[in-house]
Amino acid sequence: MSPLTALRELRGHEKIKTSLAGALVSNRVSHAYLFYGPPGVGKKTAGLAFARALLCSGGDGDACEVCDDCTRSNRGGHPDLHLIRPDGASIKIRQLREVCDGAVFTSFGEGRQVFLVEQAERMTTEAANSFLKTLEEPVAGVVFILVTDDPARIPSTVLSRCLCYRFNNLSREDVAKVITQEAGSAELAHTMAVLSGGSPGRALALLGGSAGRDRALEMALSLVVNSRRAMPVPPEEIAGREDAQEFVNYLTVMFRDVMIIQQTGLSELLINIDRRDDLAKLASAYDRREVLDILLTAEETARRLAGNVNQRLALDSLLLKIAGF
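Under the numbering used here, the first residue of the sequence shown is numbered 584, with each subsequent residue one higher.
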């Protein structure tokens, strides 16, 4: 396990951090927590940070960074922190039996044992029932942290025995701060933060796939160079429906920026601010009605791709509109 983050280092989720730190200071730690919310907003990161604070022997509401327990965490893992994650498609009863039997409840030191369950919604019915028995008879010094994107799939009997925290999407500013180092520039970080919808995890994934955005823009620019009468061809990288949906999303956001340039001329309102010069070329090549038609067609294409339609036919209708046919 890589070194863990401290609670104070987490971006956003201020109320949750304050509540967790308060529980540590007052020594009112629950035996079970549920961290839930949209994907990629930092639930697991927060769970690991809270685990680190729980295991710290010298902190006051957070990891102190200097005690032996924090040193163990910084070296790549703590023997009293146990991760339980899906084995294949599910979390199976055999993975939880050693926990439910109490076989691993002996701490390495004199502190707590912390068990973090990733994708807790993927527990089988048998595993959830076994886990419930453990929650019904809490063991002193043992803390469970369940992390999930979909709490509705966890039995209500388990949920009722957990202290639940909902993690919401972060602000664009917080997402941009999280990914700025990986992005390499503040402008690209801003673009991916906006596209992510408030999810640092999605922003990082988009950053890894930012070449797809650039390919969509280059395709549109090539049409301008060819007087917009060449038949556009979707990039070869669009292999599946998910890729097609991402491609349409890039085109939609791109032409939204084109409309903003045409109507306001304000660069600070752009999502793809790092490509504003290229967007200005597109704004000069299309009139406002054409851009609106492209955006409406993109919206319809996205709906069709979400259903059971021929992917290539759905894309072609949008690309023909962009080409001016």
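No residue lacks a Cβ here, since even glycine has one placed at the ideal position from N, Cα and C.
One thing to note: residue 875 has its Cβ no nearer than 7 angstroms to the Cβ of residue 841. Residue 882 is classed as exposed because its beta carbon has fewer than 16 other beta carbons within 10 Å across all chains shown. When C-alpha distances from residue 755 are compared across 776, 735, 737 and 718, the shortest belongs to 776. Here the C-alpha atom of residue 622 lies approximately 10 angstroms from the C-alpha atom of residue 751. Three or more Cβ pairs closer than 8 angstroms define a contact, and the region 729-742 meets that threshold against the region 697-712. The distance from the Cβ of residue 807 to that of residue 760 is about 35 angstroms, inconsistent with a contact at the 8 angstroms cut-off.
Boundaries of the alpha helix (DSSP H) harbouring residue 774: 769-779, taken from the DSSP string. Beta bridge pairing from DSSP links residue 730 with 618.
Rounded to the nearest whole angstrom, the CA to CA distance from residue 878 to residue 868 is 15 angstroms. Around the C-beta of residue 846, fewer than 16 other C-beta atoms lie within 10 Å, and the residue is accordingly described as exposed. Within the same chain, Cβ atoms closer than 8 angstroms to the Cβ of residue 710 are found at 673, 674, 675, 676, 678 and 679, the five residues on either side in sequence being excluded.
For residue 845, the three-state secondary structure derived from DSSP is helix.
Between the alpha carbons of residue 908 and residue 890 lies a distance of about 25 angstroms. Close CB contacts of residue 762 within its chain, under the 8 angstroms cut and outside five residues either way in sequence, are with 772, 775, 776, 783, 786, 787 and 790 (chain order). For residue 591, no beta strand (DSSP E) encloses it, and the DSSP letter there is neither H nor E. Contact between residue 700 and residue 663 does not hold, since the beta-carbon distance rounds to 16 angstroms and is not under 8 angstroms. Selection 743, 733 and 732 evaluated against residue 716 yields 743 as nearest (Cα-Cα). Here residue 595 is not near residue 732, since their CB atoms are 7 angstroms or more apart.
For residue 749, the enclosing beta strand (DSSP E) starts and ends at 746-749. Residue 894 carries a helical assignment under DSSP once its states are collapsed to helix, strand and coil. In this structure, residue 611 lies away from residue 645, with their beta-carbon atoms at least 7 angstroms apart.
In this model, residue 880 and residue 856 are separated by some 23 angstroms (Cα to Cα).
Beta-bridge partners assigned by DSSP to residue 674: 706. Beta-bridge pairing by DSSP links residue 696 to 725.
Residue state for residue 667 is assigned as strand, using DSSP reduced to three classes. Under the three-state reduction of DSSP output, residue 738 falls in the coil class, being neither helix nor strand.
The C-beta separation of residue 588 from residue 634 comes to about 10 angstroms, leaving the pair out of contact by the 8 angstroms criterion. When rounded, the separation of the alpha-carbon atoms in residue 605 and residue 636 is 12 angstroms. The Cβ atoms of residue 778 and residue 827 lie no closer than 7 angstroms to each other. The residues 647 and 650, in chain order, have a CB closer than 6 angstroms to that of residue 641 in the same chain once the five nearest residues on each side in sequence are set aside. From the listed residues 629, 619 and 617, the smallest Cα separation to residue 600 is found for 629. For the pair residue 695 and residue 726, the CB atoms are nearer than the 7 angstroms cut-off.
The DSSP-derived three-state label of residue 888 is helix.
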